[in-house]
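**Q** Each protein sequence line maps, in turn, to chains A, S and Z.
Under the numbering used here, think of the first position of the first sequence as 416, with each following residue one higher.
Under the numbering used here, think of the first position of the second sequence as 50, with each following residue one higher.
Under the numbering used here, think of the first position of the third sequence as 448, with each following residue one higher.
Input: one structure, supplied below.
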Amino acid sequence: MTASPVTASSVEAVAEAPMLEVENLEQRFTLRSGLIDRLGFEGWRPRLVDSVVHAVNGVSFSIAKGEVLALVGESGCGKSTVAKSIARIYTPSGGHIRIDGEEIGGYGHREMLPVRAKMQMIFQDPFASLDPRQKVRDIVAEPLLEQLERRGEPEAKKKAREAAIALLERVGLNAEHAGRYPHQFSGGQRQRIGIARALSVNPGLIIADEPVSALDVSIQAQILNLMMDLRDEYGLAYLFISHDLSVVNHIADRIGVMYLGFLVETAPRERLFAAPRHPYTRALLSAAPTIDPADRAVEMELEGEVPSALSLPSGCCFRTRCPFAFDRCAAERPRLQDVGGGQGVACHLVDDPERNRP
Amino acid sequence: MDHAKATAPLLDVRDLRTYFHTFSGPVKAVDGVSFTLAPGEVMGLVGESGGGKSVVGFSLLGLIDPPGKIEGGAIRLGGEDIARASEERLRRIRGREIAMIFQDPMTSLNPVRTIGAQMDEMLRLHTDLDEGARKARCIAMLESVGISRAAERLKAYPHQFSGGMRQRVVIAIALLASPRLIVADEPTTALDVTIQSQILKLMRKRIAETGAAMILVTHDLAVVSEMVDKIVVLYCGKVVETGPAREVIADPSHPYTRGLVDSIPNPKDRKPRLAQIPGAVPDIRDLPSGCSFRPRCPRAKARCAEVSPTLAPTRGALQAACHFPLVEDVALTGGARA
Amino acid sequence: MNQLLASQFVYNYRRNVSAIAGSAIILVCVLIVLFGPLVAPQNPYDLTQLNLLDSYKPPAWIDGGDPRFPLGTDGQGRDVLSAILYGTRVSALIGIAAMLTACAIGTTLGLLAGFYGGRLDAFIMRVADIQLSFPSMLIALFLMSAFGTGIDKVLIALTLVGWVVYARTVRGSTLGEIQKEYVQAARVAGLRDGKIIRRHVLPNVLTPLIVIATVQVGTFILIEASLSFLGVGVPITQPSLGLLIKNGFDVLFSGLWWTSVFPGLMIMAMVFGINLFGDFLRDELNPRLK
Numbered sequence: 416m417t418a419s420p421v422t423a424s425s426v427e428a429v430a431e432a433p434m435l436e437v438e439n440l441e442q443r444f445t446l447r448s449g450l451i452d453r454l455g456f457e458g459w460r461p462r463l464v465d466s467v468v469h470a471v472n473g474v475s476f477s478i479a480k481g482e483v484l485a486l487v488g489e490s491g492c493g494k495s496t497v498a499k500s501i502a503r504i505y506t507p508s509g510g511h512i513r514i515d516g517e518e519i520g521g522y523g524h525r526e527m528l529p530v531r532a533k534m535q536m537i538f539q540d541p542f543a544s545l546d547p548r549q550k551v552r553d554i555v556a557e558p559l560l561e562q563l564e565r566r567g568e569p570e571a572k573k574k575a576r577e578a579a580i581a582l583l584e585r586v587g588l589n590a591e592h593a594g595r596y597p598h599q600f601s602g603g604q605r606q607r608i609g610i611a612r613a614l615s616v617n618p619g620l621i622i623a624d625e626p627v628s629a630l631d632v633s634i635q636a637q638i639l640n641l642m643m644d645l646r647d648e649y650g651l652a653y654l655f656i657s658h659d660l661s662v663v664n665h666i667a668d669r670i671g672v673m674y675l676g677f678l679v680e681t682a683p684r685e686r687l688f689a690a691p692r693h694p695y696t697r698a699l700l701s702a703a704p705t706i707d708p709a710d711r712a713v714e715m716e717l718e719g720e721v722p723s724a725l726s727l728p729s730g731c732c733f734r735t736r737c738p739f740a741f742d743r744c745a746a747e748r749p750r751l752q753d754v755g756g757g758q759g760v761a762c763h764l765v766d767d768p769e770r771n772r773p
Numbered sequence: 050m051d052h053a054k055a056t057a058p059l060l061d062v063r064d065l066r067t068y069f070h071t072f073s074g075p076v077k078a079v080d081g082v083s084f085t086l087a088p089g090e091v092m093g094l095v096g097e098s099g100g101g102k103s104v105v106g107f108s109l110l111g112l113i114d115p116p117g118k119i120e121g122g123a124i125r126l127g128g129e130d131i132a133r134a135s136e137e138r139l140r141r142i143r144g145r146e147i148a149m150i151f152q153d154p155m156t157s158l159n160p161v162r163t164i165g166a167q168m169d170e171m172l173r174l175h176t177d178l179d180e181g182a183r184k185a186r187c188i189a190m191l192e193s194v195g196i197s198r199a200a201e202r203l204k205a206y207p208h209q210f211s212g213g214m215r216q217r218v219v220i221a222i223a224l225l226a227s228p229r230l231i232v233a234d235e236p237t238t239a240l241d242v243t244i245q246s247q248i249l250k251l252m253r254k255r256i257a258e259t260g261a262a263m264i265l266v267t268h269d270l271a272v273v274s275e276m277v278d279k280i281v282v283l284y285c286g287k288v289v290e291t292g293p294a295r296e297v298i299a300d301p302s303h304p305y306t307r308g309l310v311d312s313i314p315n316p317k318d319r320k321p322r323l324a325q326i327p328g329a330v331p332d333i334r335d336l337p338s339g340c341s342f343r344p345r346c347p348r349a350k351a352r353c354a355e356v357s358p359t360l361a362p363t364r365g366a367l368q369a370a371c372h373f374p375l376v377e378d379v380a381l382t383g384g385a386r387a
Numbered sequence: 448m449n450q451l452l453a454s455q456f457v458y459n460y461r462r463n464v465s466a467i468a469g470s471a472i473i474l475v476c477v478l479i480v481l482f483g484p485l486v487a488p489q490n491p492y493d494l495t496q497l498n499l500l501d502s503y504k505p506p507a508w509i510d511g512g513d514p515r516f517p518l519g520t521d522g523q524g525r526d527v528l529s530a531i532l533y534g535t536r537v538s539a540l541i542g543i544a545a546m547l548t549a550c551a552i553g554t555t556l557g558l559l560a561g562f563y564g565g566r567l568d569a570f571i572m573r574v575a576d577i578q579l580s581f582p583s584m585l586i587a588l589f590l591m592s593a594f595g596t597g598i599d600k601v602l603i604a605l606t607l608v609g610w611v612v613y614a615r616t617v618r619g620s621t622l623g624e625i626q627k628e629y630v631q632a633a634r635v636a637g638l639r640d641g642k643i644i645r646r647h648v649l650p651n652v653l654t655p656l657i658v659i660a661t662v663q664v665g666t667f668i669l670i671e672a673s674l675s676f677l678g679v680g681v682p683i684t685q686p687s688l689g690l691l692i693k694n695g696f697d698v699l700f701s702g703l704w705w706t707s708v709f710p711g712l713m714i715m716a717m718v719f720g721i722n723l724f725g726d727f728l729r730d731e732l733n734p735r736l737k
């Protein structure tokens, strides 16, 4: 049930449909500001201009059943947006999302409801992700209650609440907690409540958006252990969003690295840490602080900061900070290409290894 | 502590107690914290949220507002006890003697004044340079923290800078008046890793150059291990362990520090399960009897509930507040425990 | 934390003299509204109980006063105290009822504007802006002269004047709440928009409304009194405090001051009490002041 040979989990190799398949996902947001802010001039003629944020620009990946895929990157790289587009909190601007083989990209609320039984989400902020005015048992029961009501089951509320209590016990809380309000719990306990809520419909896929980054380290370990136990127990697949490489290294089977809305590299965990190919991945790995001084091999130092998603650079998204950038990088956008061993890299250096020297 | 005796300490904090008086009784956010800092030394003040580490930082600068109050203890900066200094004196000390770098640069930069005006104010308050000299100093300082076109940037407002750049400006302002001590409260927590590594590198370099001492307040052991000479670990307002950074992180003697270090995933030694500290930090208004860590501690015995442990040498240069510290025969005692 | 908050609330209340005074006045007013007619010496609108011979008796403690009429009588021999007890009821009920309808309508529009945004938001908020640019008294006067008088007309006018403040406040808080992850979690749980708004957003935007609603009852009482004083408010058969003042106003300068002054004092006390308590609530419930 645990780590199936994930390296071989390219789409064709697996007979059954992957739990999640994302193809060319795009997500743009139009900044709806006031009339005055949108007013622009073309010569002398006034016109309305919308600023568009290119949050996700054609991201493709898939997650097999029981697999943990982590998306890493810095703030503004679009990893959380990917998560929320898949969870259909946002309506994707383009591309395909398939849950268990079913295309959900164009689904409306009614069609999404059955899909929500297969896919749930854990949120980042343990304080904002629980409704402060709801009792814990109602918070945990909510997704299940919607499903039971959809199926028209009698006594849906009672059944959902009973299930909620069992779930609270499973995540390390107890039945007495069910009647309390979220503010009576610590951050770690609240995150457990959020996990119980996600589990209530017995989903195959859980999207976890930075689930431990708001927690203290000792609590972080508790939650990561719980998530791994649950994966073994229920055969869950996770889409795990994080900025913390040490956490990702612990939990992921496969890792995707995002930058400015692009997936720049994807590889099985060990391979990514041992042999990163994309310059950004290499920089990210060398920038991460470690407690072990022996690990401190500073290979690469990045200059500058991430460009604005309002106006993407031409060609490669990373070229403005890349120490290896050459003329082709400005002219042509690199595509994610297979370099073997389940690793994919979106970088022109793959074709031109000679330049790969500082 | 031993090496601190060789040179006169720059900062000597003795039994610092900072309480917050709420209507449900005093909250002992800092309860008897002592440490010393030699000139030029870099110290890490670590612990989880609720440990009291930020309150220690704020106490040093006299920035505790009611209902909070420094109830007792001494903060000796070069011999002068600033815990009892007047607000007037504290204003002179802040910036000139002790500078602070906050987590969110937006809170320490005034959003409606230019960077140049804010830097100039610092120099006007604490030096007697003339206008031209002040401006030259500001430009030089901005350049030294890696901000290009510094003369132009003096006219910019904080919102025109990105998060990383703003933190560089904050560091520049902190260093302007050549303070003897810099208190940095989670200076890189709000930043991305690649920016964090830039800022840490910058701080390390600039602070070494100026010879200032620094207290780095952080929850992140990895950041600490890259930056500091010595570590003070806080738990529930008390120091539980202190010692040279390398030793504290490689082989801590207090079970809490051990748990903290072990719960960080180690890429080299990837285990299916992380070591975890059970339970959660207790409510500081309702601490357990004896040792505060007792309910979460795998080594706790009856004595831990009765007597609150005090800081004592354990092994090497380490000191811990623990009745049953992890000493050499750690495996033996660990196995014999039942 | 809730217990802490609750007890902190009580703790602060007990140390706040003006809050205690305000709530005491409010309590008296509530008692008058509930039991006024029961304790009133006479029913001032039952013509059979009135005697023209008793007209313009001064308050009981003044020479010529009659102990049956502690605060004197008006031109029809009506007991001023009884009229005030009845009139307070009319004034307070109009204030409260108008507040409730304004709150319901304003909150609904604010929720919709904040939750859906876009054109609906723009439309609702522009209407609100336009309305805010006129003095509320002027709008109420205009509406009353268009509708004609009557308690129902007063209610409509006050509601139309009062919804804006709720809509704006609720829209603002809604914009904040829908950014929070618990609203996203409700979406992921599969809730319809309507359910998300009712079950999650609404309970979380109500707190600031308590203050607004409290103070607004006072404002409404004043506006209603002004309208009635100007003769476009409640009908003569159900006189509010404002109408009592008007009725006495004609003879105010002939020395028969009590028919106007006592109802006026009653309005003042009521609004003063409400504002005192409202200020306390504002300080307590506003997290920014903590």
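Note that CB positions come from ideal geometry on N, CA and C, so glycine has one too.
Tell me the residue span of the beta strand (DSSP E) that contains glutamate 436 (chain A).
**A** It spans 435-446 - the beta strand (DSSP E) in which glutamate 436 (chain A) sits, taken as one unbroken run.
**Q** May I ask you to verify whether the region 596-608 of chain A touches the region 272-281 of chain S, counting CB pairs closer than 8 angstroms and requiring at least 3?
**A** The answer is no - the region 272-281 of chain S does not touch the region 596-608 of chain A, with fewer than three Cβ pairs under 8 angstroms.
**Q** Taking the beta strand (DSSP E) that tyrosine 674 (chain A) falls in, what are its first and last residues?
**A** Here the beta strand (DSSP E) through tyrosine 674 (chain A) covers 669-674.
**Q** Nearest to cysteine 654 (chain A) by alpha carbon, out of A:Asp647, A:Asp668, A:Leu641 and A:Asp644?
**A** Here residue 654 (chain A) is leucine; the residue named in the question, cysteine, does not match the sequence. That would be A:Asp668, whose Cα lies nearest to the Cα of leucine 654 (chain A).
**Q** Applying the 10 Å Cβ sphere with the 16-neighbour rule, what's the burial state of tyrosine 458 (chain Z)?
**A** Under this definition tyrosine 458 (chain Z) is an exposed residue.
**Q** Can you list, in chain order, the residues of the region 327-338 of chain S whose Cβ is nearer than 7 angstroms to any Cβ on chain A?
**A** Within the region 327-338 of chain S, the residues whose Cβ lies closer than 7 angstroms to some Cβ of chain A are Ala329, listed in chain order.
**Q** If you scan the region 586-654 of chain Z from start to end, which runs of the alpha helix (DSSP H) of 4 or more residues do you find wholly inside it?
**A** Within the region 586-654 of chain Z, the complete alpha helix (DSSP H) runs of at least 4 residues are 598-625, 628-636 and 649-652.
**Q** Residues in its own chain within less than 8 angstroms of glycine 650 (chain A) by CB, not counting five upstream and five downstream?
**A** Excluding positions up to five away in sequence, the list reads Met416, Lys480, Gly481 and Gly619.
**Q** Starting from glutamine 578 (chain Z), trace the alpha helix (DSSP H) in both directions and tell me its first and last residue.
**A** Residues 565-579.
**Q** Evaluate methionine 263 (chain S) with the Cβ neighbour count: other Cβ atoms within 10 Å of its Cβ, from every protein chain shown; 16 or more gives buried, anything less gives exposed.
**A** Looking at its Cβ environment, which holds 16 or more other Cβ atoms inside 10 Å, methionine 263 (chain S) is buried.
**Q** Buried or exposed: where does glutamine 562 (chain A) fall if 16 or more other Cβ atoms within 10 Å of its Cβ makes it buried?
**A** Buried, because 16 or more other Cβ atoms sit within 10 Å of the Cβ of glutamine 562 (chain A).
**Q** What does DSSP give as the partner residue(s) for histidine 175 (chain S) in the beta ladder?
**A** For histidine 175 (chain S), which the question treats as bridged, DSSP gives no partner whatsoever.
**Q** Write down the C-beta distance between alanine 703 (chain A) and aspartate 624 (chain A) rounded to the nearest angstrom, noting that I regard them as a contact closer than 8 angstroms.
**A** 20 angstroms between Cβ atoms; not a contact.
**Q** In terms of DSSP beta bridges, what is phenylalanine 624 (chain A) paired with?
**A** What sits at residue 624 (chain A) in the sequence shown is aspartate, not phenylalanine. Bridge partners of aspartate 624 (chain A): A:Ile656.
**Q** Can you find a CB in chain Z that lies within less than 8 angstroms of the CB of lysine 499 (chain A)?
**A** Yes, contact with chain Z.
**Q** Please compile the residues from chain A whose C-beta is within a distance smaller than 7 angstroms of the C-beta of glycine 121 (chain S).
**A** Neighbours of glycine 121 (chain S) on chain A: none; closest Cβ ~28 angstroms, over 7 angstroms.
**Q** Of all Cβ atoms in chain A, is any one closer than 8 angstroms to the Cβ of glycine 111 (chain S)?
**A** Not closer than 8 angstroms to any Cβ of chain A, the Cβ of glycine 111 (chain S) fails to qualify, so no.
**Q** Across which residues does DSSP place threonine 267 (chain S) in a beta bridge pair?
**A** According to DSSP, which records beta bridges pairwise, threonine 267 (chain S) is partnered with S:Val95.
**Q** Just checking: is the beta-carbon of leucine 528 (chain A) within a distance shorter than 8 angstroms of some beta-carbon in chain Z?
**A** Leucine 528 (chain A) counts as touching chain Z.
**Q** Measuring CB to CB, does serine 302 (chain S) end up less than 8 angstroms from leucine 360 (chain S)?
**A** Going by C-beta atoms, serine 302 (chain S) is not nearer than 8 angstroms to leucine 360 (chain S).
**Q** Which chain Z residues sit within Cβ distance under 8 angstroms of methionine 536 (chain A)?
**A** Those within 8 angstroms of methionine 536 (chain A) in chain Z are Gln631, Ala632 and Val635.
**Q** Does the beta carbon of lysine 287 (chain S) sit closer than 8 angstroms to a beta carbon anywhere in chain A?
**A** By this cut-off, lysine 287 (chain S) is not an interface position.
**Q** Whose C-alpha, out of A:Tyr674, A:Met434, A:Ala690 and A:Glu680, is nearest the C-alpha of aspartate 241 (chain S)?
**A** Selected option, being the one with the closest Cα: A:Tyr674.
**Q** Chain Z partners of isoleucine 504 (chain A), CB-CB under 7 angstroms?
**A** Simply Gln631, Arg634 and Val635.
**Q** Cβ atoms of leucine 556 (chain Z) and alanine 614 (chain Z): under 8 angstroms apart, would you say?
**A** Yes.
**Q** Look at the alpha carbon of leucine 440 (chain A) and the alpha carbon of glycine 509 (chain A), and state the distance between them as a whole number of angstroms.
**A** Each residue's alpha carbon lies about 6 angstroms from the other.
**Q** Taking 8 angstroms as the CB-CB cut-off, is glutamate 731 (chain Z) touching chain A?
**A** No, its Cβ sits nowhere closer than 8 angstroms to a Cβ of chain A.
**Q** Let's test the definition: count the other Cβ atoms within 10 Å of the Cβ of leucine 497 (chain Z) and tell me whether it reaches 16, buried, or not, exposed.
**A** Leucine 497 (chain Z) comes out buried.
**Q** By the 7 angstroms beta-carbon criterion, what residues does the region 477-490 of chain A contribute toward chain S?
**A** The region 477-490 of chain A vs chain S, Cβ under 7 angstroms: Glu489 and Ser490.
**Q** Could you please give the first and the last residue of the uninterrupted beta strand (DSSP E) stretch that includes aspartate 753 (chain A)?
**A** Residues 752-755.
**Q** Can we say the region 238-257 of chain S touches the region 66-76 of chain S, given the rule of at least three CB pairs closer than 8 angstroms?
**A** Taking 8 angstroms as the limit for Cβ pairs, the verdict is that the region 66-76 of chain S does not touch the region 238-257 of chain S.
**Q** Of all the CB atoms in chain S, is at least one closer than 8 angstroms to the CB of isoleucine 634 (chain A)?
**A** Interface residue, yes.
**Q** Provide the residue span of the alpha helix (DSSP H) that contains arginine 607 (chain A), from first to last.
**A** First-last of the alpha helix (DSSP H) with arginine 607 (chain A): 602-614.
**Q** Please report how far the alpha carbon of alanine 294 (chain S) lies from the alpha carbon of arginine 229 (chain S), in whole angstroms.
**A** Cα to Cα, the separation comes out at about 21 angstroms.
**Q** Using 8 angstroms as the threshold, is the C-beta distance between methionine 190 (chain S) and alanine 221 (chain S) below it?
**A** Yes; because the gap between Cβ atoms is below 8 angstroms, this pair is in contact.
**Q** Assign histidine 52 (chain S) to one of three DSSP states: helix, strand, or coil.
**A** Per-residue confidence for histidine 52 (chain S) stands at a pLDDT of 48, beneath the threshold of 50, marking its modelled position as unreliable; no derived number is given.
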